[in-house]
């Protein structure tokens, strides 16, 4: 493979928009200087004698990784180096090794250039010099890799020289907000070089201590501060890669310094953080067949592929410490990787594969409505890591990641694909470092899920490494017997069952492989029709419990100033507009696609943004019905991306005051409809978010908003119902009349 000459600068860029010009200008020109004295320090624990030990005592644990840490245990373990040493003279590993040894960074003659202060981003004062750092970091890693595989200590000494040089002089990282990118990207890479070299007897304990103190004292504070504050911006302002590079740096420093709290900080943010680096938000939307639309796919492909490079590094570093982020949330990272890989692969000639796309918007009103072809086909050395984990470790199918891996094999690194900073956003050489022998047999199909959309059942599953096709089977009793309803499914791994009977359907999937048919996947149960899911009659007269008449346990609890009063029918719950609301259990809609929510409402006092109901997990993902918005109309909305990402249905007026009004919302496929007193008053044919897409919801309220500044509902609620499936217009009218 020859070195490509169509270089594109795919390094991270500060997100701006015309709608947020003042904020963008303010932040992009602000001078940032992060130094040993600028932010609180968190020094490495342990004395010099502990630094060379693989059993150094960790800081107090909160959750997650084992104690002690495995060393080496970031991107590469001892077993990985043993494999590399055995493979590097044979193809395809040798091709990647040759690219490493011929790279100008990986030479004993390399001349490092440590800086006292590194600047990235134009602050209007200082010249940018961050290329000095990313070249030296690449050289330290390359030389460390050459030593660890070949045993030639001349390369070890060069890596030590580079790391000692930087730890002796670096005092700060500055520039504009892009200083975070220097800290995050080069920080996680530098930590990886240090982790490889920690066992080298020629790296003095005192020098290791100084290097680690540089990592915790300069790199870490910048990254943790960003994840907490996001430079005082709303969380959707920054793209996923900003968070991801900070997460990668914090995780790498945690392992390097045997600091469990830092490692857990990174893991916890990747799972449940507020910003777009949270995996749920990075992989913005799961299309059928588990194609996971990446958060930056409407922006450009340089940044989308960078997300896979950073996310893969995070998953691999966690995996090597016994934490499976690769498999978290039903392999959600693989869904993102497959989407990005497919969308950047040439199908034939010069034609790229097409991928489905749903709109994405953020606080800056970027309004991405189509997949971006800018930078399409971008080559980043990240695919070998993804492919070898999911396919050759786990036995899953990852067809598009596999194609990209083979396209780029042997994989290079250290500026091979791009001489600008984008070429140093990842370490590369994945054919050499991640390449594994093919797994003997594929895994059984797994991760089968299903939901109702527009009436039919939509199924998706993860495939098997050597499967040639898949069969879908259905039963009406859990555990079978199953009837095969479809054979010969190849790509994508999804099936829409348009013949599902009303009731609960039980599905499994099998794979056809060269060895025959596999055992079945996990069983997925999907409820069809329009059965009641939740029914709160509010007919109690005392206590704080609102029983769920379905018997399914979705019991409401009266909180604050909620009380019992006479209602539309029998009793109702009264909410005082200041403290009273009804709370439902966590995750009531986790498996709900099509739905109907209906209730009787008596609104006492009109103020904007009260809530009839609001189910969510904070201000990032929620669905609500408000009797009057700031525009003076009743509105239903759902979002997984904050306020600017809402998909809504508006009435032409606010809800009436001082009278009982019946309100209902339905979703069938992508069509949402709002009804008042049995009559449709608004619809939206592009409601592509269904309740299950909200993920975990811990705040499921009647009468209270996810936004703390919004007023509580002032009035009465009666006969609150949730149905699976969308009731017809006639059924809504009947419900109103009854």
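In the working numbering, the protein residues as written are 1 to 738. Glycine included, C-beta positions come from ideal geometry on N, C-alpha and C. All figures in this text were calculated on a predicted structure; none of them were measured in a lab.
Which residue from the options puts its Cα closest to that of residue i?
i           : options               : result
residue 586 : 611, 616, 461 and 564 : 616
residue 191 : 713, 674 and 263      : 263
residue 314 : 243, 284 and 710      : 243
residue 202 : 222, 158, 499 and 381 : 158
residue 550 : 394, 649, 724 and 516 : 724
residue 564 : 627, 547, 543 and 556 : 543
residue 415 : 217, 142 and 385      : 142
residue 592 : 530, 568, 362 and 413 : 530
residue 211 : 230, 170, 222 and 241 : 170
residue 409 : 387, 484, 629 and 688 : 387
residue 590 : 622, 726 and 694      : 694
residue 193 : 283, 118 and 138      : 138
residue 458 : 380, 594 and 113      : 594
residue 452 : 496, 117 and 477      : 496
residue 777 : 651, 637 and 100      : There is simply no residue 777 to check, as the chain begins at 1 and stops at 738 in what is shown.
Tell me whether residue i sits in a helix, a strand or coil according to DSSP, three-state version.
i           : result
residue 491 : coil
residue 338 : helix
residue 687 : coil
residue 308 : helix
residue 258 : coil
residue 602 : strand
residue 230 : helix
residue 23  : Model confidence at residue 23 stands at a pLDDT of 33, short of 50, so the residue's coordinates are unreliable; what they give is reported in the following sentence. Reduced to three states, the DSSP call for residue 23 is helix.
residue 644 : helix
residue 432 : helix
residue 301 : helix
residue 679 : strand
residue 388 : helix
residue 9   : The pLDDT assigned to residue 9 is 31, lower than 50, so where the model puts this residue is not dependable; a value taken from the coordinates is nonetheless given after this. Residue state, collapsed to three classes: coil.
residue 329 : helix
residue 631 : coil
residue 517 : strand
residue 295 : coil
residue 50  : No answer about residue 50 holds up, because its pLDDT of 25 lies below 50 and its placement is not dependable.
residue 71  : coil
residue 346 : strand
residue 611 : coil
residue 423 : helix
Would you decide whether residue i is buried or exposed? Buried here means 16 or more other CB atoms lie within 10 Å of its CB.
i           : result
residue 347 : exposed
residue 517 : exposed
residue 104 : exposed
residue 705 : buried
residue 208 : buried
residue 737 : exposed
residue 526 : buried
residue 726 : buried
For residue i, decide whether its Cβ has a neighbour in chain D, counting only Cβ atoms nearer than 7 Å.
i           : result
residue 704 : The structure shown contains no chain D; it holds only a single protein chain.
For residue i versus residue j, is the C-beta spacing smaller than 7 Å?
i           : j           : result
residue 339 : residue 292 : yes
residue 74  : residue 267 : no
residue 431 : residue 92  : yes
residue 739 : residue 466 : Any question about residue 739 goes unanswered here, given that the chain covers just 1 to 738.
residue 603 : residue 715 : yes
residue 132 : residue 115 : yes
residue 231 : residue 644 : no
residue 289 : residue 492 : yes
residue 167 : residue 214 : yes
residue 294 : residue 277 : no
residue 69  : residue 258 : yes
residue 635 : residue 648 : yes
residue 163 : residue 182 : no
residue 464 : residue 398 : no
residue 538 : residue 571 : yes
residue 504 : residue 456 : no
residue 510 : residue 520 : yes
residue 443 : residue 411 : no
residue 359 : residue 373 : no
residue 390 : residue 345 : no
Which complete beta strand (DSSP E) runs does the region 130-200 hold, if anything under 3 residues is left out? Whole beta strand (DSSP E) segments, 3+ residues: 172-175.
For a minimum of 3 consecutive residues, which ranges assigned as the beta strand (DSSP E) are wholly contained in the region 522-577? Runs found: 524-527, 532-536, 556-559, 563-566 and 571-576.
For the region 74-126, list the beta strand (DSSP E) runs that are entirely contained and at least 3 residues long, ordered along the chain. As summarised for the region 74-126, the continuous beta strand (DSSP E) elements at least 3 residues long and confined to that stretch are 117-120, given in chain order.
Would you list, in sequence order, the uninterrupted beta strand (DSSP E) runs of no fewer than 3 residues that lie entirely inside the region 444-503? Within the region 444-503, the complete beta strand (DSSP E) runs of at least 3 residues are 446-452, 457-462, 469-475, 483-489 and 494-497.
Curious, which full-length beta strand (DSSP E) runs of at least 3 residues does the region 689-715 contain? List check, beta strand (DSSP E) in window: 699-702.
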